[in-house]
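Since the structure comes first, as structure tokens, the remarks are kept for the end.
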Amino acid sequence: GAIAGIVVGSVAAALLALVLIAWGLKRGSGMHWRAKSTAPRIGPNTTLLVTDIENSTGMWESLEQDIVNAAVEMHHDLIRKLLKKHHGYESATEGDSFIAAFHL
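Residue numbers (my numbering): 119 to 222.
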């Protein structure tokens with residue numbers, strides 16, 4: 119009985135501590151806990167971003183396919199890294215173009 123009570127109490131205290139730490143980290147980052155999983159709503163504090171690689175059609179026509187694929191993959195990796203860093207939401211991609219949203 120007494121040992122079970124100590125174990126249950128310790129586990130409950132540890133879980134509470136983890137929840138409070140996670141809450142504090144999210145609160146400190148200024149990011150809502152659902153920010154990465156849901157699109158921002160329409161409003162005055164929402165900004166849409168559309169990217170496009172200039173002259174990508176010419177690039178596809180004049181360079182080897184492997185080189186262009188590697189360049190586009192690097193572009194996508196960089197955009198996704200920056201979206202994560204700045205709490206952006208990736209809405210869609212098409213070819214070399216991204217549609218992203220940001221919300222204050």
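Note that the Cβ used here is the ideal one computed from N, Cα and C, for glycine as well.
query: From the DSSP secondary-structure annotation, give me the bridge partner or partners of T156.; result: None; T156 has no bridge partner.
query: Who are the Cβ neighbours of S174 in its own chain at under 6 Å, not counting the five residues just before and after it?; result: D214
query: Check the DSSP bridge columns for T164 and list the partner residues they point to.; result: H221
query: Considering only DSSP beta bridges, list what E212 is partnered with.; result: S215
query: On the criterion of 16 or more Cβ atoms from any shown chain inside 10 Å, does P162 qualify as buried, or is it exposed?; result: exposed
query: Buried or exposed, going by whether 16 or more other CB atoms sit within 10 Å of the CB of G127?; result: exposed
query: Around the Cβ of G123, are there at least 16 other Cβ atoms within 10 angstroms (buried) or fewer (exposed)?; result: exposed
query: How about Y207 and A157: are their beta carbons less than 7 Å apart?; result: yes
query: Which ranges does the alpha helix (DSSP H) cover as unbroken runs of at least 4 residues, wholly within the region 174 to 198, from first to last along the chain?; result: 174 to 180
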